[in-house]
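I have placed the structure first, in the form of structure tokens, so that the comments after it can refer back to it.
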Amino acid sequence: MHFTDKVILITGASSGIGHELALLLAKEKARLILAARNQAALEAVRNQCLLYTPYCEIVLMDVTDETQVNEGAHRALQFFGKIDVLVNNAGVTQRSKLIDTSVSAVRQLMEVNFFGAVMLTQALLPHFREQAGGQIIIISSMAGLMGYPWRSGYNAAKHALQGYFETLQTEQPIPHLYTTIVCPGRIHTPITYSAITANGDAYGKMDPKQAKGLSVAFCARRILKAMHKRKKVVLIAREERILLWLKRYFPPLFYVIARKGN
Ligand SMILES: NC(=O)c1ccc[n+]([C@@H]2O[C@H](COP(=O)([O-])OP(=O)(O)OC[C@H]3O[C@@H](n4cnc5c(N)ncnc54)[C@H](OP(=O)(O)O)[C@@H]3O)[C@@H](O)[C@H]2O)c1
Numbered sequence: 004m005h006f007t008d009k010v011i012l013i014t015g016a017s018s019g020i021g022h023e024l025a026l027l028l029a030k031e032k033a034r035l036i037l038a039a040r041n042q043a044a045l046e047a048v049r050n051q052c053l054l055y056t057p058y059c060e061i062v063l064m065d066v067t068d069e070t071q072v073n074e075g076a077h078r079a080l081q082f083f084g085k086i087d088v089l090v091n092n093a094g095v096t097q098r099s100k101l102i103d104t105s106v107s108a109v110r111q112l113m114e115v116n117f118f119g120a121v122m123l124t125q126a127l128l129p130h131f132r133e134q135a136g137g138q139i140i141i142i143s144s145m146a147g148l149m150g151y152p153w154r155s156g157y158n159a160a161k162h163a164l165q166g167y168f169e170t171l172q173t174e175q176p177i178p179h180l181y182t183t184i185v186c187p188g189r190i191h192t193p194i195t196y197s198a199i200t201a202n203g204d205a206y207g208k209m210d211p212k213q214a215k216g217l218s219v220a221f222c223a224r225r226i227l228k229a230m231h232k233r234k235k236v237v238l239i240a241r242e243e244r245i246l247l248w249l250k251r252y253f254p255p256l257f258y259v260i261a262r263k264g265n
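Going letter by letter, the sequence shown gives residues 4 to 265 in the working numbering.
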């Protein structure tokens, strides 16, 4: 399956994985709708995409605001009269110990990473039902498959995403609706700059371990491949894969190793 002329809405398209995936889809001549809050960054991504596809629109949307999400979904539908693919990618990570992290910081992580994707999906499901199909991509995380230090709220939100969208996959309410859950490990993007800390403030710097993550270009290529194949789940990770294997088959060692990471 190719995405030429397909209408694709990507949240979190102003940076990192969303930006890179938008470029790959532009090269396939998809009709793109890029969503995020930072207008200048979105416009810069749009200008890059327009080098490859004649169709690229922008929707400003804070995924934690239900009104903005519903209005954004409505506006997105008006650009090309339909949406074929929704990529729920907007997200924010965390850098703080569980014991120090306020409940409001955990809520903030749930709002962006979980409720943002849920609200936008709910806003578009009636459209997918009407057109008898579509595709939804969820950018979850390896943190959605196991607990990991300094990520309590983030892990919780990504686990919630897994549960919610796995249910969509099992209920399959619309016959030709394909849902892919993507679980990346560490990817080298600016994600730690906006990471939420104990009191909700941004971490504001590149985490050295993040900088050693897989390249964002590699990650986006793997996501695109999974989209082409309409895979149910895809893991894009190195060390985290081993950790997950240990969790399943040798839990005592998992706890020892995972405890050392952050
Ligand atoms: N990098 C990794 O190691 C890694 C690993 C596993 C999973 N992931 C997941 O991959 C996704 C993308 O992360 P990334 O690494 O590309 O991070 P990134 O470079 O920081 O990009 C995050 C994107 O999310 C958007 N965003 C954040 N809060 C938002 C909000 N309230 N409303 C709307 N948009 C919002 C940001 O745009 P604005 O600031 O312009 O709104 C930005 O475009 C996230 O879901 C993340 O959890 C990343």
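Just so you know, even glycine gets a beta-carbon here, dropped at the ideal spot from N, CA and C.
Residue i classed as buried or exposed, judged by whether at least 16 other C-beta atoms fall within 10 angstroms
i: Leu53; result: exposed
i: Val90; result: buried
i: Gly94; result: buried
i: Leu256; result: exposed
i: Glu46; result: exposed
i: Gln81; result: exposed
i: Ser144; result: buried
i: His22; result: buried
i: Lys9; result: buried
Of the residues the options, the one placed nearest residue i, counting alpha carbons only
i: Met122; options: Thr70, Gln97, Lys208, Phe6; result: Thr70
i: Tyr206; options: Gly216, Ile194, Leu217, Asp103; result: Ile194
i: Lys212; options: Gly150, Glu243, Leu227; result: Glu243
i: Leu128; options: Ser99, Phe82, Asn73; result: Asn73
i: Tyr55; options: Met64, Asn41, Leu27; result: Leu27
i: Gly166; options: Met149, Leu180, His179, Ile177; result: Met149
i: Met64; options: Lys85, Gln81, Asn41; result: Asn41
i: Arg224; options: Val10, Ala29, Thr182, Leu12; result: Ala29
i: Gly136; options: Pro176, Ser197, Ala214; result: Pro176
i: Ile20; options: Cys222, Leu80, Ser197; result: Cys222
i: Arg196; options: Gly188, Val185, Lys208; result: Reading off the sequence, residue 196 comes out as Tyr, not Arg. Of the candidates Gly188, Val185, Lys208, the one whose C-alpha sits nearest the C-alpha of Tyr196 is Lys208.
i: Gln125; options: Gly84, Arg233, Ala76; result: Ala76
Close Cβ partners of residue i (< 7 angstroms) along its chain, the five nearest in sequence each way excluded
i: Ser218; result: His191
i: Thr200; result: Arg98, Ser99, Tyr206
Other residues of its chain near residue i: CB distance less than 6 angstroms, five sequence neighbours each side excluded
i: Ala163; result: Phe117
i: Leu101; result: Ser155
i: Phe266; result: Since the displayed the chain opens at 4 and closes at 265, residue 266 lies outside it and no answer follows.
i: Tyr181; result: Gln138, Arg233
Close-in-space but distant-in-sequence residues of the same chain around residue i (CB under 8 angstroms, 5 per side omitted)
i: Met113; result: Gly156, Ala159, Ala160, Ala163
Which runs of the beta strand (DSSP E) spanning at least 3 residues fall entirely within the region 53-89, listed in chain order? 59-63
Please specify which runs of the alpha helix (DSSP H), each continuous and at least 4 residues long, are wholly inside the region 99-133, giving them in chain order. Qualifying alpha helix (DSSP H) stretches, in chain order: 106-113, 119-133.
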